[in-house]
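In the order they appear, the protein sequences are chains A and B.
Counting in the working numbering, the first sequence runs from 4 upward without gaps.
Counting in the working numbering, the second sequence runs from 882 upward without gaps.
Just so you know, even glycine gets a beta-carbon here, dropped at the ideal spot from N, CA and C.
Here the structure is a predicted model, which is why all the values come from computation and not from measurement.
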Amino acid sequence: MTIQKTNRRNFLKLAAAAGGGLWLGFNWSSTDATPIKIATNAEATSSALIDFNGYLSISPDGVITIFSPNPEVGQNIKTTFPMIVADELDADWAKVKVLQAPLDSTKFERQVTGGSGAIPHSWERLRKAGATARHMLVEAASKKLNASVSELTTDKSFVIHAGSGRKLSYGELASEAMNVPVPTEVKLKDRKDFKLIGKLIPNVDNHEMITGKPLYGLDFYREGMLFAMIQRPTAFGMKIKTADLTAIKAMPGIVDVVTFKNNVAIVGKSTWQVMKARKKLKVDYEPEGKLESTEDHNRIFKELLESKDAAVKRKDGDVDAAFSKAAKVITREYQCPFLPHNTMEPMNFFAHVREDGVELIGPTQTPDLARTETAKLLGIPPEKVTVNMTRLGGGFGRRLKADYATEAAELSSIIKAPVKVIWTREDDMMGGYYRPAVRYRFSAALDDKGNMIGYKLRGAGINAGNSTREDNFPAGAVDNLLIESIEHQSPITSCPWRAPITNFLAYAEQSFLDEVAGEAKQDPVQFRLNLLQKAKQSPVGAMKYDVDRMIGVTKLAAEKANWGKKNDVFQGFSVYFSHRSYVAQVAEVAMVQGKPVLKKIFAAADCGIVVNLSGSYQQVRGGIIDGLGHAMFGNLTFNAGAVQQNNFNNYRLIKFKEVPEIEVDFVDNGIDPTGLGEPALPPTGGAVANALFKATGKRIYEQPFIKQEGMGDVNISRNL
Amino acid sequence: MAQYNLQINNRTYTVDAEPDTPLLWILRDNLGLVGTKYGCGIAQCGACTVHSNGNAVRSCVLPVSAAAKSKITTIEGLSEKGDHPVQQAWAEVDVPQCGYCQAGQIMSAAALLSKNPEPTTAQIETAMNGNICRCGTYHRIQEAIVLASSKIK
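What follows is the structure, encoded as structure tokens:
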């Protein structure tokens, strides 16, 4: 059992409201939380408890309510967070009710979905919250039963006195528990005593999702609300020259047509009426900046890779000396295109700007940013803005931007009415904030024994910021290493995309290392293990990853896939550390009637303790499918600033038939958990490219794979 | 504007709408049946799948004027208590992640199984290939369809 110190100031009890019960606030403040109300979904908000104020509450009727503060995008946090609390509390999971908390930056420290950061941030905090409540309930039971605390155990929302066979429910104890002082120290469970953590626990919103209840931003409706769509410039670098709004103002159902910034907003009474009017809208645009095309980027990449202005991100040893004495130098370049996020639920937000404040409701990964940017835009204090999160129909980083929320607020302030701004799929795909396009140049210096004595990487990105991760493997394992980054700034907007940068960097790096292993005449897995061994014994420079954990997943994936011992398939390997977790993958390609078929991917993941086995499997499988689909097919191109793909008829997403079998294994090491929303995605492209090389003899240097020479007839199937 | 009597989930709804209004927007904006989702508007993603006389159709391209002639079932009407064998299987297998596409997935799967209670893997692939899931729940969808098939038998 671990003893954990708690900070009493972080745990505040609420004065018991009418009806009694235990409310335990966690970074709690005096403001009332208002659960989101969505359209007809009255059930979710009606409750025996009148005011949900705390993080966790237990009502006298035994209902335990846990607020989940973080936006739910499908990463399963709304199930996972409450599980952690409930496990330490020994709550009856079947009777736990989970509600999405609204934005409250005083109560909750981190209401963001991004960077796979929620679990590492909150693991201990959530456990302490559950354990603190449990402690108080046990103390209350001890008084009531006149038994010492050591004689009491807890299970399924009961405090049990085995000696006498008596037991008291948490509901019965809730009011008394309010009088127990908040402990300064709480005991956390031993791992072996977890009852929920590590199990397959289904999604708490399953019933609502499979019966079609209103859950998402696009489902939000309020009486009197107007619908709007916004015509944004048709190309990056364009501005409105003239807009003829008169014709469509008279169309059926249209309430108003207004322009602001470079937008024309059509406001109406229904989605379809707005869509129809929009087709008649006539806007002329003129350039206000550079109108860039994909061809321009290809030229710019070459310039950046030769430029003298790159920023040095990491330098170990003497790279020039190592390369000048090398027996062999290998230099390769890899390129990736821009990608849209394509959340299944397109961008949308509801805003109501009133005299006394602003109400924002919708799907956001970062509600606090929506608030601060709206406050700044409207010139009002942030406290005047409330933000409620709906469930998100996907995020993938796109909803880390607040543009679509502030735009709704701006429109509401102009038309002085509650309005929901809806993006069509075309708006969503053409409207910007993409995964940036990047080109990398890697060089390796080998000595005459095949040892990698020098390593160079330069990343050149379009609006990519730092396109490298300079402290990642193989940094630490090579004596002479140089990592540089250089960026071109473009009017084409970019933002994080699931596993930012690493979603492509890992493919490039792991493909390159595979090729270097081949040149060094070493097995690709053994080549990496040798490097890791060197990093362990004599690390070079700062180490930001755990070598043993990297070795652990490498060996586990190789073992599960029976690496190197199969005759009927061609195997490709990849291993990557990102967002604090480690994932290795083996991809298997078979030749079926002379054509390569990707049949299976093995994944070995180390995220420490697996909190929810069901959700974790899906995060790994889903991450792999995401990484695979975009590496194979994803491609967004530009002509004079205009996006050339705008819907699923000309932009290819991976489909049902096109996913391989995926086997997932987790390393069992009991380390405190880290996230899984991103880490399984980066290694996939490399494993697949390396397997395709073995099968076809062709290296893949650009994404999408399907467009590369010899790759046009690659199939993916788990059932072939 | 014209008036239409729509047979949806065994109820009759009367709506005033322009004849070209896709059924999707009638369901969502006029009737508050928002379980049917908008994803692409051009019948490419399957998020808007409903049943028209028992067939899986994309409601984003089905004009209300055409829908008025058929018996429509949406996710809200697939079962009274959310216990259609396909829905049960979806919950047991824990299919949804973000969940946005799942109503469409369930409607496609239910239409398949109503005509072919024991589909082969290839038949499942064909029936489900038009429903995109951006989270990548495809393995579990397949698993759930096989489970639902066993429940129907």
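Check, Outcome
"Inside the segment 246-310 of chain A only - beta strand (DSSP E) runs reaching at least 3 residues", "257-263, 266-271, 285-290"
"Sequence-distant residues of the same chain with beta carbon closer than 6 Å to ASN911 of chain B, five excluded per side", "VAL896"
"Neighbouring residues, chain E, relative to TRP275 of chain A (Cβ below 9 Å)", "Absent from the structure is chain E; the protein chains it does hold are A and B."
"In DSSP terms, what ARG442 of chain A is bridged to", "A:GLN338, A:ALA463"
"Proximity test, Cβ basis, 8 Å: ILE987 of chain B and chain A", "yes"
"The beta strand (DSSP E) enclosing SER172 of chain A, as first and last residue numbers", "169-172"
"ASN934 of chain B and LYS952 of chain B closer than 8 Å at C-beta", "yes"
"Interface residues of chain B facing ILE418 of chain A [CB-CB closer than 7 Å]", "Correct list: empty, because the minimum Cβ distance to chain B is about 19 Å."
"Bridge partner(s) assigned by DSSP for GLU591 of chain A", "A:GLN574, A:LYS603"
"Alpha carbon of PHE223 of chain A to alpha carbon of GLY632 of chain A, nearest angstrom", "31 Å"
"The segment 647-671 of chain A: positions lying closer than 9 Å to chain B by Cβ", "ASN650, PHE651, ASN652, LEU656, ILE657, LYS658, PHE659, LYS660, GLU661, VAL662, GLU664, ILE665"
"N- and C-terminal bounds of the alpha helix (DSSP H) containing THR83 of chain A", "80-92"
"Rounded distance between the beta-carbons of LYS244 of chain A and GLU289 of chain A, thought under 8 Å", "4 Å"
"Status (buried if at least 16 other CB within 10 Å, exposed otherwise) for VAL286 of chain A", "buried"
"Backbone secondary structure at THR427 of chain A - three-state DSSP", "coil"
"Euclidean distance between Cα positions of ILE257 of chain A and ILE383 of chain A", "30 Å"
"Selected residue, minimal CA-CA separation from LYS264 of chain A, among A:GLU413, A:VAL99, A:TYR510", "A:GLU413"
"Residues within the segment 218-240 of chain A neighbouring chain B, beta-carbon criterion of under 8 Å", "LEU218, TYR219, LEU221, ASP222, TYR224, PHE230"
"Three-state class that DSSP yields for TYR579 of chain A in the structure shown", "strand"
"Where ASP406 of chain A sits in the DSSP three-state scheme", "helix"
"For LEU218 of chain A, the three-state DSSP class (helix, strand or coil)", "coil"
"Candidates A:LYS252, A:PRO663, A:ARG394, of which the one nearest ASP208 of chain A by Cα", "A:ARG394"
"Per-residue contacts from VAL76 of chain A into chain B (C-beta, under 7 Å)", "CYS979"
"Residue(s) in a DSSP beta bridge with GLY360 of chain A", "A:ARG357"
"Beta-ladder partner(s) of ILE665 of chain A, from DSSP", "A:ILE604"
"Neighbourhood of ALA246 of chain A by C-beta distance below 8 Å, restricted to the same chain and skipping five residues each side", "THR262, VAL267, LEU284, LYS285, VAL286, ASP287"
"TYR620 of chain A in three-state terms, based on DSSP", "helix"
"Opposing strand residues paired with TYR885 of chain B [DSSP bridges]", "B:VAL896"
"is_contact[SER617 of chain A, chain B] using C-beta, thresh 8 Å", "yes"
"Residue span of the beta strand (DSSP E) that contains MET988 of chain B, given as start and end", "That residue, MET988 of chain B, is in no beta strand (DSSP E); its alpha helix (DSSP H) goes 983-996."
"DSSP state of TYR458 of chain A mapped onto helix, strand, coil", "strand"
"Below-8 Å beta-carbon distance, THR214 of chain A vs any chain B residue", "yes"
"Cutoff 6 Å; reference GLN884 of chain B; Cβ partners in own chain excluding five residues on either side", "ASP897"
"Burial state of SER167 of chain A (16 or more Cβ within 10 Å)", "exposed"
"Cβ-based burial, GLU950 of chain B [other Cβ within 10 Å; buried from 16]", "In the sequence on display, residue 950 of chain B carries Lys and not Glu. It is exposed - the Cβ of LYS950 of chain B has fewer than 16 other Cβ atoms within 10 Å."
"Local conformation of HIS164 of chain A per DSSP, three classes", "strand"
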